[in-house]
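Asks: I am attaching a structure below and will ask some questions about it afterwards.
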Amino acid sequence: MAENARKRKQPSNTGPSNNPKRARFPQRPQHVIPATPTSNAYPNGEINVKNFLKSHEHEIKSLEGAMKAAKNGLTRRAFQDVPRALRRRTASHNPHRVPKRLRVRARQEAKDDNTPISRGTSGSGIGKGKKKYLRKEGRERSRQDWEKRTKTRKGGTVATPEKDQDGDATMEDVPKEATKSVSQSKPKRKFPALATPATPPSRFRRRQRDKTWLPTHLWHTKRAKMTDPKEPLWGFAVPLQPAAKAYRLTHRAVTQQGAVAWDMSYMSTVSLEGPDASIAGLLKGLHFGADDPENPWQNRGRAKKWRRGARAWEGWIHEREAKPLRKIGRVTVIWCVSEAESKRKVFVRVHPSAFLQLWNEVVRTAKVQKPAVTVQDLRFEIGSIEIMGPATAEALCSVLQPTSNPAAIADAPHSLWTKLASVTDAGSLPAGALLAFDTTDPRLRDPPSATPLAQDQQSLTALAETLANWPIDNTQGPAAIFDANARLAAQRAMPSQKSINRRKSACTLGEDPEARSTDPHIPTLVFTSRKSRSWTILLPWKCVMPVWRQLMRYPVSTGGNPRYGGLKERRQVDFERSIPYFPYDCPGTDAGWGWELHEREVRKLEWTKRPRGKRIEWTTIDLGNGRKGEVGDPWACDWERLLPTTDGSSSAVQEGLTPFRQLPSSQAKDVIDGRFPVESTPLSSSVFAVKITMVQRGAPMDCTRIYRLPTDAGLRSKWLSLMPQPGARRTPALEPSRRLGVPPKLSEGPPKAGEDDYPVVPDESDLIGFVTTGNYNLAEGMPTAVGNLAVHKVLSLVSEPSAAHADHVCIRQRPSLHDPRPASPRVSRESDMSEDRPADDQGEGVDSAVGLPSDVLAELTTDILDDLLSNIVYSTALSCHRSEKLLRMQSAATQAESIALANLEPQSQKQNTNGATSIPIAETSAAKYENGRVFLKGNPLKTTPEIICPHCKLPRLMHPIMGKGMQNPDLTKEYCMLYPWVQRSGHDVYGNPFPTDMAKSKKERELIKQQQKNAEKESVGTPGSQDTDMAGGDTKEIKLNTGGKPASYIPWHTCPNCKRSLLITRFAQHLEKCLGISGRQSSRNAMAKLTGQNGTGSGVGNTPLGSRMGTPAPGSQDVAGPKSSSKSKGISPTKKVAPGDDADADELGMDNDTPERRNKIKKKSSYVKKADRDKSGNATNGTLKVKLKTRPELDRKHSENSERSEGKRDREADEGGDSPKKKKIKLSLGGNGKERSRASASVEPASAASPE
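Below, the structure written as structure tokens:
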């Protein structure tokens, strides 16, 4: 019973419908493809589209399913399809971290793989906690803050108002005393207030508690590495560098093609408003422009235009009461064009690290001005974008479209703005060029279109005249960005992205929405910097993001889009130009000193995070002579060791103020040249910037120590021995022993770092400075650095008697960051463009750039040009000489080999007694051929008189046969077809004349041929006709087979269908008729096809196109009655032709070579099935007619002649000739089975004339 209970229950009903042998899981065989019968789809041979598609519905779905399965079977996940620049660390396990287009796929993959989806609980947004709790928490905090403020104002407790359903207090329940006291309790400030950022949205408010986001923060966080949230820079979350590698890409985009943009909204802007004299007195009191080579306060030139408001000026600003002057920072001052009012406005832009110091100085100085100057902080009202690169102008002209102003003059800024799109270098514009105008919302023209660039000479000439005259200096009006109301109105009028999308969806595809009166007018100010070669755009704070997005999407004409950069890329650009960047390379300022203190902590933290086995142990570094450990703090530029030991200096360092003073470039020049006033300037605490270039291998890095040459004579001579000699190559040429593969001696060359005889590091007393920025310089192709030197240390170097020999030589000491072993110092040379010039002295013009007297500069330029021209001539002559010598060497070898092979041919059948074939030996005056090798004799330029072609073994012509430099060749010889190029007007390099006339008709060609024949007959027997003087220039050409074409030559082409050669002037007309795509015949052919498929016959054998019905058996479609001949040309398919008409047509020579017949002939096969052969054998004996064409080209000529009769022209060479004659061969097959193998053939000519 137990066993029966475990068995499957048998069915109770055993009727006929329940088959006990039926399979449990019936499966269809794999080779059976389910398909709907197609008999219903073609009733009476007609196609029903609906039924036809329905019959193939299963196949289409199967194909789509297979494609989908193959796509899903790929190994790539959804987060791997995201571009590299958009990938996130958490995208692999959080579907909300990928773009929206991939989220559905990512969720399905996570579900299939049983991957848990992580969801955060803090913050807000998609993938985080629920938003309602965050909003509730924010409202509760706002209510508590409001209660505290109300308590503070009234000095007592305040009743809590009632709350609505959402938890917010209703404004009707707020006490009237509290609302009234808010407006009355505003105290009058004695000093200008610092600006505070706008209140961010509630979901981002917590993350901006201790810092401020830039307008493009959300865009950069997805694509760049940002500052640490808990350690912002200067109160902002600043992008440091792109997430992808960008060092080389930034260099190429800035210098070669493309553009790089930075969001510089963290730059601080201070507004000054007051009378012209008061503002000028304030700037003069801060010693603005005191170090500039050009005085900004003179009443002429660029200074006058700057005071008017048409230019921008960059310079250093100093403390007001410091003696000597102490630099605060580098600023940009922009004046607003004066209006009818007496007050003027000025913008002062400064780096945020020096803002507070500048703000205090400006406020104190503004109070002493009479009348007073109003100072305002605009840090969070004005944003900026800096962009540089060759494609900067075209990108800005496309994104920033000026608003229409019909009343504007011709030379206004917004009128000339679009003409500057072809400018590729900001240095070509006037120094400090400035343009101010209102622009439209760039989101209305999304995506941005490419700007048309000027390519013709006229447009480029007009652009050069505009840049030279620069009429904007006289037409620039007041900039709207100086007006606070205009800035606020533009920000409030900015429409939402949803409204812009709604307007764009109402337009047709490719059109921009129409302008409305409510569209914002964005006040924009653009100015250039010749020093940094960049463009800077000032915009209202909330208008930066729309412009930035469109700028990043602009299609650059050279390919790609503009790149974005961070702090490291901005520092890299100035480093490659050897310009010290503020504040990183200015330790003599408070801002630079603060940056150095910040970097010390960062470097030490990075060193601490490394494992012990992968970090440098600074305390164990061997400096030689028993010294251990790095000098000073290894993670810092230890400037304190260069100071005199005084109490005042140490206290200044503790307070965070710099103990040094940044020396101006003009005074630094005097220090180097020895023209410095020692009594008037305290040089003991001054530093100046220099550029350092390596003369040996090695790359200087940050914090690298810079030593002067040691005072010890022996050690000094060792270091000087490492210097390359003047005029010597950097990499010496290999000696003969090295060329022959002999290993070099160990004592060759100067010693390398790490060897025993390498000089040791100088003492700490020889330390003169530190490297602030160092790396491999892609612009110069070698490692360089920007460093700062202590002035009092350099003075001792200049005053030494041996300084004349090596006054610009120093020693750089820094171990490799990738090698834990101690490193030795290496020689480097501190220099600028020529020698030891301060790096921050980058003036305008050639004289300031090179720093040489005019006579020396002229002599140097002449020498450079002479060397350049001599090098060009030398390289050209050398290449020509080398190519000629190689050709003659090859000719000598070819000639000797040809003689040897000629001698080998008659002896190929002869053999020696030993049975070995004799190897020939050939010798000429230039070479000798022996044992398969060729040996040259003497100089091939002298021994080989002519050049032999190695392919055809014929001599080559050395001079052209016509045109410039022609010479008469020997007409008795045969020359190689590779002729020298021809230089002749009206001809190409091959001597072919350019076509001078159009195609001529047949009658015209026949007339020209007849005239040529008559001229040849008349010229026969004329004296001197055979020996013509060839020295007369280009009047007579030598009759050689040069391949030249006459001037009336018209190219021809071969038809891909009928393989005929036709003139290109007649090719299109022929192609239409040959392919049957035009004319009456095409419609007839189409009708014939339709009749053949859907005719009035039985329809049994008519297989519709694309069906899966079986192919009818041979002879199944034969019907009684005459058949229409598809071969007859021009005959309607409805006409009935007798069976013998086809043969008669062939005998009459009718042209039946239609495209349909050719296609049918090609498709026929010579294979006959066995069953058909049996049927034909049982049938009655008959005669089989077979047409044979003896020559295929004759049939081609015959068809061409027939087409010429219809008005078609062909090449002249094909004219004439008789049409070929055809043959017919009758094959008589035997009727019996025994005689099947026999066949009798008889030849019958098609006409009385016998064929060829």
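Add 168 to a position in the sequence shown, counting from 1, and you land on the number used in the working numbering. Here a beta-carbon is modelled for each residue, glycine too, at the ideal position from N, C-alpha and C.
#1: Whose C-alpha, out of 758, 583, 840, is nearest the C-alpha of residue 569?
#2: With burial defined as no fewer than 16 other Cβ atoms inside 10 Å of the residue's Cβ, what is the status of residue 495: buried or exposed?
#3: Can you round the beta-carbon distance between residue 608 and residue 687 to whole angstroms, since I take them to be within the 8 Å contact cut?
#4: Buried or exposed for residue 251, going by 16 or more other Cβ atoms inside 10 Å?
#5: Assign residue 978 to one of two classes, buried (16 or more other C-beta atoms within 10 Å of its C-beta) or exposed (fewer than that).
#6: What residues in its chain sit with their C-beta under 7 Å from that of residue 802, if we drop five residues either side in the sequence?
#7: Contact check, residue 743 vs residue 954 under 8 Å by CB: the rounded distance?
#8: Does residue 1179 come out as helix, strand or coil in the three-state DSSP assignment?
#9: Quick one: grab the DSSP three-state call for residue 431.
#10: Are residue 552 and residue 394 closer than 7 Å when you measure CB to CB?
#11: To the nearest whole angstrom, what separates the beta carbons of residue 643 and residue 580, a pair I think is in contact under 8 Å?
#12: On the CB-based measure, 16 or more other CB atoms within 10 Å of its CB, does residue 232 come out buried or exposed?
#13: In the structure shown, what three-state DSSP assignment does residue 923 receive?
#14: Quick check on the DSSP output: what are the complete alpha helix (DSSP H) runs of length 4 or more inside the stretch 751-816, in order along the chain?
#15: Buried or exposed: where does residue 782 fall if 16 or more other Cβ atoms within 10 Å of its Cβ makes it buried?
#16: Does DSSP classify residue 1149 as helix, strand or coil?
#17: Looking at the structure shown, is residue 517 part of a helix, part of a strand, or coil, going by DSSP?
#18: With H, G and I counted as helix, E and B as strand and the rest as coil, what does DSSP make of residue 585?
#19: Is there a Cβ from chain D that is less than 7 Å from the Cβ of residue 712?
#20: Can you confirm whether the stretch 928-935 touches the stretch 870-878 when touching is taken to mean that 3 or more C-beta pairs between the two stretches lie within less than 8 Å?
#21: Alpha carbons only, please: which of 1172, 945, 855, 777 is nearest the one belonging to residue 1427?
#22: Tell me whether the stretch 611-622 and the stretch 401-416 touch, counting them as touching only if at least three CB pairs, one residue from each stretch, are closer than 8 Å.
#23: For residue 756, count neighbouring Cβ atoms within 10 angstroms of its own Cβ and tell me buried if that reaches 16, exposed if not.
#24: Ignore the nearest five residues each way along the sequence and tell me which others in residue 506's own chain have a CB closer than 6 Å to its CB.
#25: Rounded to whole angstroms, what's the CA-CA distance from residue 663 to residue 672? Just pull it up for me.
#26: Could you pull out every unbroken beta strand (DSSP E) segment of at least 3 residues lying fully inside the stretch 638-723, listed in chain order?
#27: Evaluate contact between the stretch 704-719 and the stretch 374-385, counting only Cβ atoms and requiring at least three cross-stretch pairs below 8 Å.
#28: Cα separation between residue 1088 and residue 1094?
#29: Compare the beta carbon distance of residue 1231 and residue 1218 with 7 Å and say whether it is the shorter of the two.
#30: Can the beta-carbon of residue 521 be found less than 7 Å from the beta-carbon of residue 402?
#31: How far does the alpha helix (DSSP H) with residue 740 in it extend, from its first residue to its last?
#32: What three-state label does DSSP hand residue 296 in the structure shown?
#33: Between the C-alpha atoms of residue 927 and residue 1022, what's the straight-line distance to the nearest angstrom?
#34: Let me check one thing: in DSSP terms, what residues is residue 555 bridge-paired to?
#35: In angstroms, rounded to a whole number, what distance separates the CA positions of residue 628 and residue 439?
#36: Using the Cβ count rule (16 or more neighbours within 10 Å means buried), how would you classify residue 752?
Replies: Per the coordinate set shown:
#1: 583
#2: buried
#3: 6 Å
#4: exposed
#5: buried
#6: 786
#7: 6 Å
#8: helix
#9: strand
#10: no
#11: 5 Å
#12: exposed
#13: coil
#14: 758-777
#15: exposed
#16: coil
#17: strand
#18: coil
#19: No chain D is part of this structure, which consists of one protein chain only.
#20: yes
#21: Past the edges of the chain, shown from 169 to 1420, lies residue 1427, and the structure says nothing about it.
#22: no
#23: buried
#24: 512
#25: 13 Å
#26: 690-697, 702-708
#27: yes
#28: 17 Å
#29: yes
#30: yes
#31: 735-744
#32: Any reading at residue 296 needs caution, since the residue's pLDDT is 46, under 50, leaving its predicted position unreliable; the model's value is listed next. The answer is coil: DSSP assigns residue 296 none of H, G, I, E or B.
#33: 41 Å
#34: 429, 703
#35: 39 Å
#36: buried
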